[in-house]
Every structure is written in structure tokens, then in C-alpha cells.
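Mapping of the sequence shown onto my numbering: residues 171 to 345, in sequence order. Each residue gets a CB set at the ideal place from its N, CA and C atoms; glycine is no exception. Data first, discussion second: the structure below is written as C-alpha cells.
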Amino acid sequence: MDLHKDISHILIGEDTIRARVAELAAEINRDYQNKALVVVCILKGSVVFFADLVRHLTMPVRFDFMALSSYENSRVSSGIVRVAMDLYETIEDKDVLIVEDIIDTGHTLQHLRELLSARAPKSIRFCTLLDKPSRREADIHPDYCGFTIDDHFVVGYGLDCGGEHRNLPYVGVMK
Ligand code: IMP
Ligand code: MG
Numbered sequence: 171m172d173l174h175k176d177i178s179h180i181l182i183g184e185d186t187i188r189a190r191v192a193e194l195a196a197e198i199n200r201d202y203q204n205k206a207l208v209v210v211c212i213l214k215g216s217v218v219f220f221a222d223l224v225r226h227l228t229m230p231v232r233f234d235f236m237a238l239s240s241y242e243n244s245r246v247s248s249g250i251v252r253v254a255m256d257l258y259e260t261i262e263d264k265d266v267l268i269v270e271d272i273i274d275t276g277h278t279l280q281h282l283r284e285l286l287s288a289r290a291p292k293s294i295r296f297c298t299l300l301d302k303p304s305r306r307e308a309d310i311h312p313d314y315c316g317f318t319i320d321d322h323f324v325v326g327y328g329l330d331c332g333g334e335h336r337n338l339p340y341v342g343v344m345k
């Protein structure tokens, strides 16, 4: 089975991703100097990006994980966000950085911001690998963004279509 057969073309290659992830981490290191950070990986799509990003961070960090689902295996956002798995630890009075794979309509992060703000963190910021601003419906802007892309459905580097293609090492456009 050819892993690449459903891909029409590579949108962002491995070297480009690697260089940009290092740049994002440098921004985060600068902004959170002398602070401790809770970095939250939004499962499952962010796991590859998260794993690469955190290895460039130089402040003390704690990892946490949360699983959200808005898509229910379709390509169209339902606007309904379900918490499939909540954080393990309390975030009260903590600086929190949410690591997301892609912001599309923004419904997922809007919902998450409301949910987590109620737990009284010191701060919450969003770091996303990809942003599709042309599709935005909610008032959400990433604090750190790897790449702004046009309205393509992309997979790879953690992103899936129907649960597959997450292990592609690049970001590609589906056929
Ligand atoms: P939003 O709530 O519309 O912003 O959707 C965000 C979530 O939709 C992301 O975390 C992804 O899981 C998924 N998503 C949006 N666009 C894409 C895409 O192009 N490829 C794969 N997943 C996507
Ligand atoms: Mg996701």
C-alpha cells in the first residue's frame, strides 16, 4: 500500500516545517522567558507538531493533553465541539499554551477558550501549525502560527482525513 497515493501534491515539505517550528519555538522562548509553562497538546492532530515544538523550548514546562472532536469523521465542521478527554492537571494560575494542528472555522478553539478560561489560568495563548483564515467563523486569532494556508483540505504531520494519513512527514493536499 502506497502511503502517498491519495496525495495530489506536497504543500509544505519536511525541511520547511522543521525550520519554521524552530522559529516558532524561538518566539515562545522569548515571550515566556523566566516563566513556567503548561503546554497542552490537542489530540490527536497536534501530536507530531507538539513533539517537535517542545524539544526546542528552553523554559520549564509541564505537558498536558486534551482530546476534542468537532468533525466526527467528516470534512465539514459541525460547529459542535465535544471534550473526549480532559486535561489531567489543574491550570489555575498557570501560563497555558494550547498547541493545535490547524485553525479552520475557529469553533474548536473558541469553545476551548471559554472552557479553560473558567478555570482561572494566569494566561492562555494559542500556537497553531496551520491557519486557514479564509474559513473563519469565530473570533479566534493564533498567537503563534506556523503557516497561513489557502482553503485546501490538508493531511500529514499529524493531520488526518478520516483518521488516516497522520504519519506523512509533510503537509499535503488530498486528491
Ligand atoms: P475548526 O473548529 O473549524 O477551527 O476546526 C479545527 C479542527 O478541524 C482541527 O483541529 C482539525 O482537526 C480539523 N481540520 C480543519 N481543517 C482541516 C484540514 O484541512 N485537514 C485536517 N483536519 C482539519
Ligand atoms: Mg484537531
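Check	Outcome
Using DSSP's beta-bridge definition, name the partner residues of I294.	V266
Per DSSP, I212 is paired with what?	M236
Using a threshold of 8 angstroms, state whether the C-beta atoms of D330 and G215 are closer than that.	yes
Could you name the residues of the same chain whose beta carbon sits closer than 8 angstroms to that of A206, not counting the 5 residues immediately before and after it, in chain order?	M229, P230, V231, R232, K264, D265
In this structure, how does DSSP classify I187 when only helix, strand and coil are distinguished?	helix
May I ask which residues mark the beginning and end of the beta strand (DSSP E) holding H281?	Where H281 is concerned, there is no enclosing beta strand (DSSP E), although the alpha helix (DSSP H) it sits in stretches over 277 to 287.
Measuring CA to CA, which of L338, T298, L267 is closest to D274?	T298
Taking the alpha helix (DSSP H) that L223 belongs to, which residues open and close that run?	217 to 224
Return the first residue and the last residue of the beta strand (DSSP E) that G166 is part of.	The chain is shown only over 171 to 345; residue 166 falls outside these bounds and no answer can be derived.
Take D256 as the anchor and find which of R289, H277, I272 has the nearest alpha-carbon.	R289
Beta carbon of I177, beta carbon of K345: below 8 angstroms?	yes
What residue does the beta strand (DSSP E) around G326 start on, and which one ends it?	Counting along the chain, G326 falls outside any beta strand (DSSP E), and DSSP gives it neither H nor E.
Measuring straight from C-alpha to C-alpha, what distance separates D309 and H179?	31 angstroms
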